[in-house]
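In what follows, a single structure is set out as structure tokens and then discussed.
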Ligand SMILES: *Cc1c(COP(=O)(O)O)cnc(C)c1O
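Below, the structure is given as structure tokens:
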């Protein structure tokens, strides 16, 4: 089954979204079966540029996790969400924007420095929250992408694990485009290694990787959250 990504977001109808979601669910289930996995993979709907009507419709189909990229856009749409879903922040995050989202999201995937984690900790503390975070890893070493390098990971995680109001739940990555499985394999190894060797990471349970073009491979290598935008809502006319 394939999603109808060939349509633009504007052309994509509610019926298309329904069929796309069924296709994604089936592809995830198949990939899990092939990988002999019996745990869970959470399908996240990535909402950037998508109007609230379509997001609410996706929620009515059973999607219960939304991924937000841009603080401004999120704040503008947030009021119109149906409140059923869990919301995670997945985009690049500047420290001075943390205060706007801290009480609206239950996890931040894009933590790429101990400094950012410290600010999340400070703001979470002000709200009496304990915010779940993922450390973003720049697995392809690309200059254009955020994330700590694999060699910096443990050092950063150690500092972050000492913060009172954040909890490290795992790792996130956006690998180089092109779908090369070696990056997902490397992330799985990094994740398992971190979990087994370091007591301050022994509780990690979340590996956020895989987008519309490569989520089947990501599931093969242990992803627990796949982040799907265009594969549900149609392709975007501009990239952000
Ligand atoms: C846009 C985006 C996605 C979804 O990308 P698609 O290719 O449209 O599925 C996933 N993760 C992040 C961090 C994104 O910015």
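In our numbering, the protein residues as written are 12 to 251. No residue lacks a Cβ here, since even glycine has one placed at the ideal position from N, Cα and C.
- Residue state for residue 135 is assigned as helix, using DSSP reduced to three classes.
- Setting aside the 5 residues that flank it on each side, residue 127 is surrounded in the same chain by 104, 106, each with a C-beta closer than 7 Å to its C-beta; the list follows chain order.
- When DSSP reads this structure, residue 92 sits in no beta bridge, so it has no partner.
- Judged by DSSP secondary structure, residue 227 falls within the alpha helix (DSSP H) whose first and last residues are 226–231.
- With a 10 Å radius around the Cβ and a threshold of 16 neighbouring Cβ atoms, residue 174 comes out buried.
- Taking the Cα positions, residue 178 is about 10 Å away from residue 212.
- Not one heavy atom of ligand 1 falls within 6 Å of the beta-carbon of residue 124.
- In the DSSP secondary-structure assignment, residue 79 is bridged to 100.
- The C-beta separation of residue 142 from residue 113 comes to about 7 Å, placing the pair in contact by the 8 Å criterion.
- Residue 170 places its beta carbon 7 Å or farther from that of residue 158.
- DSSP lists 183 as the bridge partner or partners of residue 147.
- Under the criterion of beta carbons closer than 8 Å, residue 217 and residue 240 do not qualify as touching, at roughly 19 Å.
- By the Cβ criterion, the region 41–61 is in contact with the region 227–238, since at least three pairs of Cβ atoms, one from each stretch, lie closer than 8 Å.
- In this structure, the alpha-carbon of residue 163 lies about 11 Å from that of residue 146.
- Remark: C-beta atoms of residue 227 and residue 38 approach each other more closely than 7 Å.
- In the three-state reduction of the DSSP assignment, residue 241 falls in the helix class, which pools H, G and I.
- Under DSSP, residue 246 shares a beta bridge with 19.
- If you look at residue 164, you'll find it in the alpha helix (DSSP H) that goes 164–172.
- Around ligand 1, the residues selected by a Cβ distance under 6 Å to any of its heavy atoms are 57, 59, 80, 101, 102, 185, 222, 223, 224, 238, 239, 240, 241, 242, following chain order.
- Judged by DSSP in its simplified three-state form, residue 222 adopts coil rather than helix or strand.
- One Cα belongs to residue 102, the other to residue 197, and the distance between them is close to 22 Å.
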